[in-house]
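Top line first, the protein sequences correspond to chains L and D.
So in full-length UniProt numbering, spot 129 of the first sequence is number 129, and the numbers just go up one at a time.
So in full-length UniProt numbering, spot 68 of the second sequence is number 68, and the numbers just go up one at a time.
Idealized CB from N, CA, C, for every residue including glycine.
Let me begin by presenting the structure, written as structure tokens, before commenting on it.
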Amino acid sequence: MLGNDIVDLDLAKIQSNWRRKNYLNKIFTAEEQLLITSAEKPDEVVWLLWSMKESAYKIHNRKTGIRNFAPKSLNCTVYASASEIKGKVSIDNDTYFTKSDIQLQYIHTIAAPVYSRLEEIKVAIYELPNHPHDYKRTKPGSISHHGQYLALVY
Amino acid sequence: MNKEEIIEALKTIVQPYSEESTALTQIDENTDFINDLKINSANLVDIVLDIEEKFNIEIDNDSMAKMLNVKATTEIIAQKLEAHAG
């Protein structure tokens, strides 16, 4: 099982005001809030953590059959190096592994239940108006839409 | 506040976060915020915060977890209002 999530940063800027009172506290753990408030680019960290949670939730939801909105119960740990941003998302007794790509226009995260699977995932990202109409026929392992972007993983 | 009044107030709250004009006019108990109104999950938090402000109640994490549709959300608001009044 795979998960993925894309955040169109231009749209996120107008769609969500994460600086709103109590907003961060509803979604992020104390450790995650600390990462955000101490970051040089807090917007980037907000959407990085959000895409990690969303991509992990997409696997967890299919695995457990539970549909809910409990972003704070997904605990993110980020391992960033100069070349890549990897992470871990834990919920109850399950752990999912993530790899994220931060671009100027978007943040994209892929998730897998097994760490070694991350390197095997193939990613396709399309920007409007170039979204393929028949992408469902290609049987992607996970689909994510936001703003200008369509992200598929196999 | 009865159930119908809560649903009316809820309509006003969710409207700015959805572009599904037809689904918005047809909101009832069975409306799902994500599947029917196509509300972005990051905006569900705004809806929860708007509800807290509008009804002057506090939504805990366990309640928020269930707030994916009008029915569950209306029930939670009614419960909290009752607890508040008591």
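request  = Taking all protein chains shown into account, decide if S51 (chain L) is buried (16 or more other Cβ within 10 angstroms of its Cβ) or exposed.
outcome  = So S51 (chain L) counts as buried.
task = Assign L55 (chain D) to one of three DSSP states: helix, strand, or coil.
result = Residue identity check: residue 55 (chain D) is Phe in the sequence provided, not Leu. Residue state, collapsed to three classes: helix.
Expected contact under 8 Å - CB spacing of I85 (chain L) and G3 (chain L) to nearest Å = In this structure, I85 (chain L) and G3 (chain L) do not form a Cβ contact; the two beta carbons are roughly 16 Å apart against a cut-off of 8 Å.
request  = Closer than 8 Å by beta-carbon distance: list the chain D residues that pair up with R62 (chain L), in chain order.
outcome  = Ordered by position in chain D, no residue passes the 8 Å Cβ test against R62 (chain L), which lies about 15 Å from the chain.
ask   = So, I6 (chain L) versus H108 (chain L), is the Cβ gap smaller than 8 Å?
value = Yes, Cβ-Cβ distance for I6 (chain L) and H108 (chain L) is below 8 Å.
query = Given that a residue counts as buried once 16 or more other Cβ atoms are within 10 Å of its Cβ, and exposed if not, what is S116 (chain L)?
reply = Looking at its Cβ environment, which holds fewer than 16 other Cβ atoms inside 10 Å, S116 (chain L) is exposed.
Coarse secondary structure for H133 (chain L), derived from DSSP in three states = Collapsing the DSSP output to three states places H133 (chain L) in coil.
query = In the DSSP assignment, what are the bridge partners of E127 (chain L)?
reply = According to DSSP, which records beta bridges pairwise, E127 (chain L) is partnered with L:Y149.
task = Note down the Cα distance separating M1 (chain D) from I110 (chain L), rounded to an integer number of angstroms.
result = Between the alpha carbons of M1 (chain D) and I110 (chain L) lies a gap of roughly 45 Å.
ask   = Mapping DSSP to helix, strand and coil, what is I102 (chain L)?
value = In the three-state DSSP reduction, I102 (chain L) falls in the strand class (E or B).
key: Cross-chain neighbours of L44 (chain D) in chain L, by beta carbon under 8 Å   = Taking the beta carbon of L44 (chain D) as reference, the chain L residues within 8 Å of it are F69, listed in sequence order.
request  = Could you give the DSSP three-state label for T29 (chain L): helix, strand or coil?
outcome  = DSSP places T29 (chain L) in coil when its eight states are reduced to three.
key: Residues of its chain near H84 (chain D), where Cβ-Cβ distance is below 7 Å and the 5 sequence neighbours each way are ignored   = Setting aside the 5 residues that flank it on each side, H84 (chain D) is surrounded in the same chain by I57, each with a C-beta closer than 7 Å to its C-beta; the list follows chain order.
ask   = For M61 (chain D) and chain L, any beta-carbon pair shorter than 8 Å?
value = Per the sequence shown, residue 61 (chain D) should be read as Asn rather than Met. By this cut-off, N61 (chain D) is an interface position.
query = Excluding sequence positions up to five away, which residues of its chain have a Cβ less than 7 Å from the Cβ of V45 (chain L)?
reply = Excluding positions up to five away in sequence, the list reads L35, I36 and A39.
query = Could you check where the beta strand (DSSP E) with D5 (chain L) kicks off and where it finishes?
reply = Where D5 (chain L) is concerned, the enclosing beta strand (DSSP E) starts and stops at G3 to D8.
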